[in-house]
Amino acid sequence: MNSEIFTNWFKNTFIPEVKKFQNLIGKTGKVLLLIDNAPSHPSAACLNEIDETVEVRFLPPNVTPLIQPMDQGVIENLKRLYRKQLLRHLLLSKCAIVQSVLDFYRKMTLKDCCYMIADSWSSIHAN
1 MNSEIFTNWF KNTFIPEVKK FQNLIGKTGK VLLLIDNAPS HPSAACLNEI
51 DETVEVRFLP PNVTPLIQPM DQGVIENLKR LYRKQLLRHL LLSKCAIVQS
101 VLDFYRKMTL KDCCYMIADS WSSIHAN
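The UniProt record's numbering numbers the first residue of the sequence shown as 1 and each following residue consecutively.
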């Protein structure tokens, strides 16, 4: 993600979809878009110049972990479970020497990684 991609999404997807939704429900008026303060986002001033009916505001720094459920340990658990899956696959492959470990990683495919992430995700419990 970078500011060019975000601006393109904002102009060509977000604003048209919001206007379409407003027409569908028969309402008009200003729209507020709250976003986190990721470095990839352009400035609010830049975004607010694009369409006068859409106002962009940034959340305060370090607030997103408090209000976004995915930041409340879910991602951390997923990473931990994925690393556990990866290590288990490595140990089951019987890679005893460094070169074998490197070969193991070279042979890993995106499909293998996706399956391990899916297994890890299904291991996460709601509590």
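Built from N, CA and C at the ideal position, the CB exists for glycine as well. What you are looking at is a predicted structure, and each value in this text was computed from that prediction instead of being measured.
Does the separation of the CB atoms of residue i and residue j fall below 7 Å?
i   : j    : result
S93 : P42  : no
L34 : L59  : yes
K11 : I50  : yes
Q85 : D119 : yes
On the DSSP bridge assignment, give the partners of residue i in chain order.
i   : result
R57 : L34
With residue i and residue j assumed to form a contact (beta carbons below 8 Å), what rounded beta-carbon distance in angstroms separates them?
i   : j    : result
L90 : V101 : 7 Å
Q22 : T13  : The Cβ separation is near 15 Å, so there is no contact.
Okay, do the stretch 72-81 and the stretch 41-55 touch, 3+ Cβ pairs below 8 Å being the bar? no
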